[in-house]
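Each remark here refers to the structure printed beneath this line.
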Amino acid sequence: MYLQYGVIMLMFQCLLLPFVLLTVQSMPLADLLQKHDLLQQHRVPTSDLVFGGSHAKLGDFPSQVFLRITDSSGRTSRCGGSLISPTHVLTAGHCLEGDVYSIEAILGAVNIDSPGAVREYARTYKLHPNFFINDTSINSDIAILELFSSIDLTNANIQLAKFVKDDEELLKSIKAVVSGFGTYKREGNDTVSSDDLLYAEVDLFSFDFCRNALFTRGYGVTILNPLDHMLCAGAKGFGVGPGDSGGPLRVRHNGQLYQVGLVSFGDDEGDIAELHQDESPSFFTRLSSYCDFIENTTNGAAKCGGLNDMDETAIAAVTVNS
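Set out below in structure tokens:
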């Protein structure tokens, strides 16, 4: 699911949504919302690498989650997510908007069919109270699902995502990493999905660049909510595309990966979207803008941390294990 709009308006609207019990059809399906896969493949050459990216190795992205979403008619779609507590997964709001019957989370694997993968179903999920979407607008594109059972964090291939309340230092980086299980090529008008975890390095752009891109690259966006609730990133021949929305945008700092955003929407204008995300970047929900939502929804099980504290914890872990 990667939202594609010729015209999209970001706006504040308060739409109070309850914590939803799965297997209950709670919201009408948005007719214009197409559910796609993440990480569109560079058309030339045809391969199984994401926009010039690579196959991930087991343990490269231990907080990565694959979500298989099934509606009441049995149709499935896929999204990405991140494990933020032993029982909570962070993803995009539009992934869970509409007719959702069940959600399967797959963790600890670089192939969704791996016998070593950890599989768990979601018990409930909650969209941000200000989440809103129609054919021309989207706001607060973030959601959290709660799993039936706690994930065993002693598994070496599963870890919690690292994210912070003050991300200014992280956003000084000019590079970021995107990853997900998703579409890697087109065959005519059809997309072909990958069951392997793929990743690519992209450029992390300034707020001014993102603002200019929104107005000059054909998105047709009117900004009514703060643009600093979003991030944008991409590169020539690299970037996310139709697919696993909700997947992470990460930045490296002191040898650690920190999640700063999650995939929300982007341009899908043919080769422009696939090959020129240096000019028409994809947009991501900025996590630091939603720390209260994360902490409140998880009852404190997941919190935005402090960058220095996390760096010190990582250094201590390396020292103990060395």
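Using mature numbering (1 follows the signal peptide of the UniProt record, and there is no 0), the letters of the sequence shown correspond one by one to residues -26 to -1, 1 to 296.
Think of the CB as a built atom: it goes at the ideal place given N, C-alpha and C, for glycine as much as any other residue.
Euclidean distance between Cα positions of residue i and residue j
i       : j      : result
PHE122  : ILE43  : 15 Å
MET204  : PHE181 : 9 Å
LYS31   : VAL84  : 7 Å
ARG224  : GLN233 : 4 Å
HIS250  : GLU143 : 27 Å
TYR264  : PRO89  : 35 Å
GLU175  : GLY208 : 8 Å
PHE155  : ALA130 : 20 Å
THR(-4) : LEU188 : Confidence at THR(-4) is low in this model, with a pLDDT of 36, below 50, so its placement is unreliable and no value can be given for it.
SER238  : PHE179 : 16 Å
THR61   : ASP241 : 33 Å
GLY72   : PHE35  : 29 Å
THR271  : ASP283 : 23 Å
LYS149  : TYR173 : 13 Å
VAL214  : GLY33  : 21 Å
LEU13   : THR65  : Because LEU13 carries a pLDDT of 31, less than 50, the predicted location of this residue cannot be relied on, and the following value inherits that uncertainty. Near 15 Å, if we compare the C-alpha coordinates of THR65 and LEU13.
PRO103  : SER28  : 36 Å
GLY235  : SER47  : 32 Å
ARG97   : ASN186 : 41 Å
LEU134  : TYR75  : 26 Å
SER111  : CYS69  : 15 Å
ARG49   : ILE132 : 28 Å
ASP45   : LEU145 : 37 Å
Range of the contiguous alpha helix (DSSP H) that encloses residue i
i      : result
LEU188 : 181 to 190
CYS265 : 265 to 271
Element boundaries [beta strand (DSSP E), containing residue i]
i      : result
THR98  : 92 to 101
ASP177 : 172 to 178
ASN113 : 111 to 113
ILE77  : 76 to 81
GLU120 : 117 to 121
GLN251 : It is not in any beta strand (DSSP E) - GLN251 carries neither H nor E in the DSSP assignment.
GLN230 : 230 to 240
GLN38  : 38 to 44
LYS277 : It is not in any beta strand (DSSP E) - LYS277 carries neither H nor E in the DSSP assignment.
PRO222 : 222 to 227
GLY213 : Per DSSP, GLY213 belongs to no beta strand (DSSP E) and is neither H nor E.
ILE58  : 50 to 59
ALA30  : Looking at the DSSP string, ALA30 is not in any beta strand (DSSP E), and its letter there is neither H nor E.
HIS62  : 62 to 65
SER153 : 149 to 154
CYS69  : CYS69 -> no beta strand (DSSP E), and no H or E assigned at all.
LEU205 : 204 to 208
Residue i, buried or exposed, once every other Cβ within 10 Å from all chains shown has been counted against 16
i      : result
ASN113 : buried
GLU120 : buried
LEU23  : Interpretation of LEU23 is limited by its pLDDT of 39, a score under 50 that renders its predicted location unreliable; the figure taken from the coordinates is listed afterwards. The residue in question, LEU23, is buried, as its Cβ has 16 or more Cβ neighbours within 10 Å.
GLY55  : buried
LYS100 : buried
PRO222 : buried
LEU190 : For the sequence presented, residue 190 should be read as Thr rather than Leu. With fewer than 16 other Cβ atoms within 10 Å, it is exposed.
LYS136 : buried
SER262 : buried
THR259 : buried
SER59  : buried
SER37  : buried
LEU127 : exposed
SER168 : buried
GLY229 : exposed
GLY67  : buried
GLY274 : exposed
Integer-rounded CB distance, given that residue j should sit under 8 Å from residue i
i      : j      : result
GLY95  : ILE80  : According to the sequence provided, residue 95 is Tyr. The question's Gly does not apply to it. That pair is no contact at about 11 Å.
ILE107 : PHE267 : No, ILE107 and PHE267 are not in contact; Cβ-Cβ is about 17 Å, not under 8 Å.
LEU57  : ILE118 : That belief does not hold up - the Cβ atoms of LEU57 and ILE118 are roughly 11 Å apart, past 8 Å.
VAL151 : LEU231 : 7 Å
Contact set for residue i: own chain, Cβ-Cβ below 8 Å, skip 5 residues either direction
i      : result
VAL18  : In this predicted model, VAL18 has a pLDDT of only 25, less than 50, meaning its place in the structure is not dependable; the value taken from the coordinates is given anyway. Nothing listed; no residue qualifies.
CYS184 : LEU201, MET204, LEU205, CYS206, PRO255 and PHE257
ALA91  : ILE80, LEU81, GLY82, ALA83 and ASN85
SER147 : LEU178, VAL225, ARG226 and HIS227
Other residues of its chain near residue i: CB distance less than 6 Å, five sequence neighbours each side excluded
i      : result
VAL138 : CYS278, GLY279 and LEU281
LYS210 : ASP252
PHE40  : ILE80, ILE86 and PHE155
ARG93  : ILE80
ALA276 : ILE58, SER59, HIS62 and ILE268
ASP140 : none
PHE105 : GLY67 and SER114
Cβ of residue i within 8 Å of any chain C Cβ
i      : result
LEU171 : Absent from the structure: chain C. Only one protein chain is present.
Cβ-based neighbour list, residue i, same chain, cut-off 7 Å, excluding 5 preceding and 5 following
i     : result
CYS53 : MET(-26), LEU41, ILE43, THR65, ALA66, CYS69, ASP218, SER219 and GLY220
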